[in-house]
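For the numbering used here, add 572 to where a residue sits in the sequence shown, where the first one is 1. Beta carbons: idealized from backbone N, C-alpha and C, even for Gly.
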Amino acid sequence: MKTPKKLPFFLLALSLFCAGFILVRDEPWNPFQLMEPKALADIITDPTRNQPLVINIGPSGSIKGAIDANAAKDKENLTKLRERLSAEPKDKQIVLYCGCCPFKDCPNIRPAFSLLNDMGFKNHKLLNLPKNLKVNWIDKGYPMN
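Have a look at this one:
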């Protein structure tokens, strides 16, 4: 019996998918909870669209319409963020961002995103800024305060 040629490719693809899933599992967000900068820029520049609550959780500049929560690595700022969010409905569209440094090294995004998970929010995203706010937002001409 001959093995179909597509089977090895399928097994390779499946193993890569599983390996990627295992790597992603260590983060408090999943890939569907990352928002691309252009998507957020399109939303905040269109007054006819439902506007999310955009929260700056780091020391970087302020995206148009964002509120500043300060560095989420500091417990007192995380406590203030919890208090600020306690009045929001759990289905509120929320976008967090920092942009202080490369995504993989950021000390602010994980504690803040974990907080929203722990508080039971269901519609929160993390702005995908893999390098920093300047490269992934400002240099592209997206709106700032």
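The alpha helix (DSSP H) enclosing residue i, as first and last residue numbers
i    : result
K703 : That residue, K703, is in no alpha helix (DSSP H); it is neither H nor E in DSSP.
I615 : 609-616
8 Å CB neighbourhood of residue i in its chain, flanking five on each side removed
i    : result
L686 : Looking at the sequence shown, residue 686 is not Leu but Ser. Only P600 meet the Cβ criterion.
L718 : Coverage of the chain is limited to positions 573 through 717, which leaves residue 718 absent and any answer about it impossible.
I710 : G633, M716
G713 : none
L650 : A644, P683, A684, L687
Cβ-Cβ distance between residue i and residue j below 8 Å
i    : j    : result
N642 : G671 : no
P679 : K636 : no
N700 : P609 : yes
F693 : K647 : no
M691 : L657 : yes
Nonlocal neighbours in the same chain, by C-beta distance under 7 Å from residue i, ignoring five residues either side
i    : result
F604 : none
V707 : none
R621 : I615
Where the beta strand (DSSP E) through residue i begins and ends
i    : result
I710 : Element bounds for I710: n/a, residue is neither H nor E.
I627 : 625-628
Bridge partners - residue i, DSSP secondary structure assignment
i    : result
M716 : I635
Chain-order list of residues whose beta-carbon lies under 6 Å from that of residue i (same chain, five-residue window excluded)
i    : result
H696 : I666, L688
Which runs of the alpha helix (DSSP H) spanning at least 4 residues fall entirely within the region 632-680, listed in chain order? For the region 632-680, whole alpha helix (DSSP H) runs of length 4 or above, ordered along the chain, are 647-657.
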